[in-house]
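In case it helps, the working numbering puts the sequence shown at residues 787 to 901.
A short worksheet on the structure shown next.
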Amino acid sequence: MTPITVLVSVDSNSILLGAREFANYLRTLIKDYNLDSLVSVLETVAIGAYDGVVMHVLPDDVYYVVKSKEHVKKIVEEHLLKGRQVWDLTVDKSKLKPGEKFQVKEYRIVTRNIG
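In structure tokens form, the structure reads like this:
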């Protein structure tokens, strides 16, 4: 079998929605179902949806929006164990917004105050 990678969106908004707890719960479920050698969980930056925690399952390229631990368990049991996509938690890739760029113009005080 090909290795599966689950990317969990961990940014400031996702942390408030419980991303760390969901990622830890996902890791414990993977250990409980003996999927340690097949599935790896990685935390990543904002993926784009802000109505829940986004999980991206690779290599299937499926995005899920998770709002509770029951959703995480459903993803593990259906997608990771049985290979079936959980359609009620799936979000379309086109609906995900790209990350905001927080780049502010910086002023060089030293060169501004010259002469």
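All residues carry an ideal CB built from backbone N, CA and C; glycine is no exception.
A quick note: this is a predicted structure, and the numbers were derived from the prediction, not measured.
Query: DSSP-derived helix/strand/coil call for L815; Result: helix
Query: Buried versus exposed, by CB contacts within 10 Å (16 or more), I816; Result: buried
Query: Own chain, CB closer than 7 Å to R870, minus 5 neighbours either side, in chain order; Result: E864
Query: For I861 and Y850, believed in contact at Cβ under 8 Å, the rounded distance; Result: 6 Å
Query: Continuous alpha helix (DSSP H) stretch holding E856: start and end; Result: 855–861
Query: For L812 and V827, believed in contact at Cβ under 8 Å, the rounded distance; Result: 6 Å
Query: Local conformation of L803 per DSSP, three classes; Result: coil
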